[in-house]
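So the structure is just underneath, and the comments pick up after that.
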């Protein structure tokens, strides 16, 4: 959000591509409670990572992890570049990620949604799955193709 308020001259942001962002709140979402956890991402891991990474005194309701929440600057007041917003259908964060996507749309931002179907959080980083599971490989290729297309367009 700082980039939406700060003059970066002579640089200009041509676009933004959040890929499977970890948008969350203090209160767990339905997807966090009901989606199966994986060896690569559990709620315990999320809580530990955030306790290490968030500024002292911050919570998951702060602007870093909840950019659409009441503690974040209003999205409508930010000058954001076009956004390719990438989510995974079976991500623990899918509900909050979609909440942020809807908030961006409501704020009038130029945002395009890319959904990786039947995939979990950051599936494309699991090299073994990408190399040996045809569906993971296909979804990874689609994600990369979508990113390349967005970059070429902007």
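Numbering (the UniProt record's numbering), first residue to last: 1 to 154.
Backbone N, C-alpha and C define an ideal beta-carbon position, used for all residues, glycine too.
Since the model is a prediction, treat every value here as computed from it, not as a measurement.
{"Asked": "Beta-carbon spacing of residue 154, residue 86 below 8 Å", "Found": "no"}
{"Asked": "Three-pair Cβ contact test at 8 Å for the region 55-74 versus the region 22-35", "Found": "yes"}
{"Asked": "Outcome for residue 32 when other beta-carbon atoms lying within 10 angstroms are tallied against a minimum of 16", "Found": "buried"}
{"Asked": "Close Cβ partners of residue 8 (< 7 Å) along its chain, the five nearest in sequence each way excluded", "Found": "none"}
{"Asked": "Coil, strand or helix - residue 42 by DSSP", "Found": "coil"}
{"Asked": "Per DSSP, the bridge partner or partners of residue 84", "Found": "112"}
{"Asked": "Residues sharing a beta bridge with residue 94, DSSP", "Found": "The partner list for residue 94 (beta bridge, DSSP) is empty, contrary to what the question assumes."}
{"Asked": "Sufficient close CB pairs (3 or more, under 8 Å) joining the region 129-139 to the region 74-83", "Found": "no"}
{"Asked": "Own chain residues within Cβ distance below 7 Å of residue 75, not counting five before or after", "Found": "68, 103, 104, 107, 109"}
{"Asked": "DSSP three-state assignment for residue 16, whether helix, strand or coil", "Found": "strand"}
{"Asked": "Residue 1 versus residue 142 - alpha carbon distance", "Found": "Unreliable positioning characterises residue 1 in this predicted model, as indicated by a pLDDT of 49, which lies under 50. A coordinate reading is not provided."}
{"Asked": "Integer Cβ distance of residue 165 from residue 118, believed to fall under 8 Å", "Found": "The structure shown has nothing for residue 165, since the chain only spans 1 to 154."}
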